[in-house]
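What follows is a short report on a single structure.
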């Protein structure tokens, strides 16, 4: 929901506002009756950049008001909106003396009190904080003063529906398990190396429909379902992104002949996902058609036989097309990095009580997952079977590969029943086969 509060003194924002143009010319944006203007954060619906500020000052004819509607609003939540904030002055006060400020997730419908409206957005200049929130998409229009009154309303978004069934038992062993079998890997992301073609055939690329840009990763776990992070998809409609499997080099179309793209049929985020604490950061994406397995596309195993294992000191491999340094450029070729798993106690030494029982951590200075890797799999090789098992989902971190800041992952052993209940899939327990 929104965190809504009354405002800042003139001195707290005056310097920034006086230096900020309302448009390219520095003049107000004049709206006429019937005009509709859209304003949104850069990159929307991908995460907005940090260290930015924007101001829009609108005016309309006498005896009219200005209506601001944000049907998509997801600004990083914080207490009293102290990190990122969306400010609105309903009188167009350039010094923001009557401004309201908003953050969090919801919808916004606000009408000005005069024929002027000022909107200001600022994202944090604390670059060690990673932003996963897409920001806002709002429309601004003119309304007749006689037919409306100035109101401000907020509401929490609907919680995505979750299929509920009885608690699921672990799948029985099967001789024909297709999961967790790597391609032709000769050897075994920040500080990582390029992956071999078809080395991780369950790796998924989540792409914006509008630009075909990779924004998050995922893992194929069944011929219908891809596992990813809730923060990757919680603010999307299914039409706004697609899933590509069998990909290797994002810039070459013919190097991976098995590459296939899928539309999204269903998005299920965990009903207790907490975007502030980034807890229960898990989601399922159902594809629009069944996957045909091949050398380049096959599912990863789930940790049915390792539900009580803590993986202390085990090495895991994280894969993705994310940035190769904090706020750096993303990789066109799938990369991988091998990291050691920390215990919960060891991780809390660095990050305190922010680490819940639903999280894993990895830490090795100079190596880490990074922006764009979110939602991708934490791969662990079961030495008894030789199969690859995904035991975590890339979730969050403070910077990338920074000293004293582990990478944090959703711990999948806590969500096996949830996955079974919501997919109804016929998984095989390859760890005991």
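Residue numbers (the working numbering): 1070 to 1502.
Just so it is clear, CB atoms sit at the ideal spot from N, CA and C, and this is done for glycine as well.
Here residue 1210 has 1105 and 1136 as same chain residues with Cβ atoms under 6 Å from its own Cβ, once five neighbours each way along the sequence are excluded.
Between the alpha carbons of residue 1354 and residue 1275 lies a gap of roughly 10 Å. Classified as exposed, residue 1103 has fewer than 16 neighbouring CB atoms from the shown chains inside 10 Å of its CB.
Going by beta carbons, residue 1361 and residue 1384 fall outside the 8 Å limit. Under the DSSP assignment, residue 1405 falls in the beta strand (DSSP E) whose first and last residues are 1404-1411.
Below 8 Å, too few C-beta pairs join the region 1158-1175 and the region 1114-1121 to call them touching: fewer than three.
Between residue 1369 and residue 1442, the gap from beta carbon to beta carbon reaches 8 Å or more.
Rounded to whole angstroms, the separation of the alpha carbons of residue 1448 and residue 1476 is 14 Å. In this structure, residue 1344 lies near residue 1300, with their beta-carbon atoms less than 8 Å apart. Contact between residue 1288 and residue 1271 holds, since their C-beta atoms are separated by about 5 Å, short of 8 Å.
Closest by C-alpha distance to residue 1191, out of 1185, 1183, 1180 and 1205, is 1205.
Following the DSSP letters along the chain, one finds residue 1488 inside the alpha helix (DSSP H) bounded by residues 1485-1492. Pairing residue 1250 with residue 1109, the inter-Cα distance amounts to about 43 Å.
Residue 1299 carries a helical assignment under DSSP once its states are collapsed to helix, strand and coil. Across the structure, residue 1413 and residue 1425 are spaced so that their CA atoms are roughly 8 Å apart. Boundaries of the beta strand (DSSP E) around residue 1446: 1446-1450. The beta carbon of residue 1120 sits closer than 8 Å to the beta carbons of 1192, 1193, 1194 and 1196 from its chain, once the five residues preceding and following it are set aside; these are given in chain order. For residue 1459, the secondary structure class from DSSP, reduced to helix, strand or coil, is strand. Around the C-beta of residue 1304, 16 or more other C-beta atoms lie within 10 Å, and the residue is accordingly described as buried. Assignment of residue 1478 by DSSP, reduced to helix, strand and coil, places it in the strand class. In the DSSP annotation of this structure, the continuous segment of the beta strand (DSSP E) that includes residue 1174 starts and ends at 1169-1180. Residue pairing by DSSP puts residue 1272 in a beta bridge opposite 1288.
With contacts defined as CB atoms closer than 8 Å, residue 1366 and residue 1491 fail to qualify as a contacting pair. Straight-line measurement puts the Cα of residue 1418 at about 27 Å from the Cα of residue 1149. Boundaries of the beta strand (DSSP E) around residue 1389: 1384-1389.
Pairing residue 1371 with residue 1295 gives a Cβ-Cβ distance that is not under 8 Å. Excluding its 5 nearest sequence neighbours in each direction, residue 1327 has C-beta neighbours in its own chain below 7 Å: 1315, 1363, 1364, 1365 and 1366, listed in chain order. According to DSSP, residue 1496 shares a beta bridge with no other residue.
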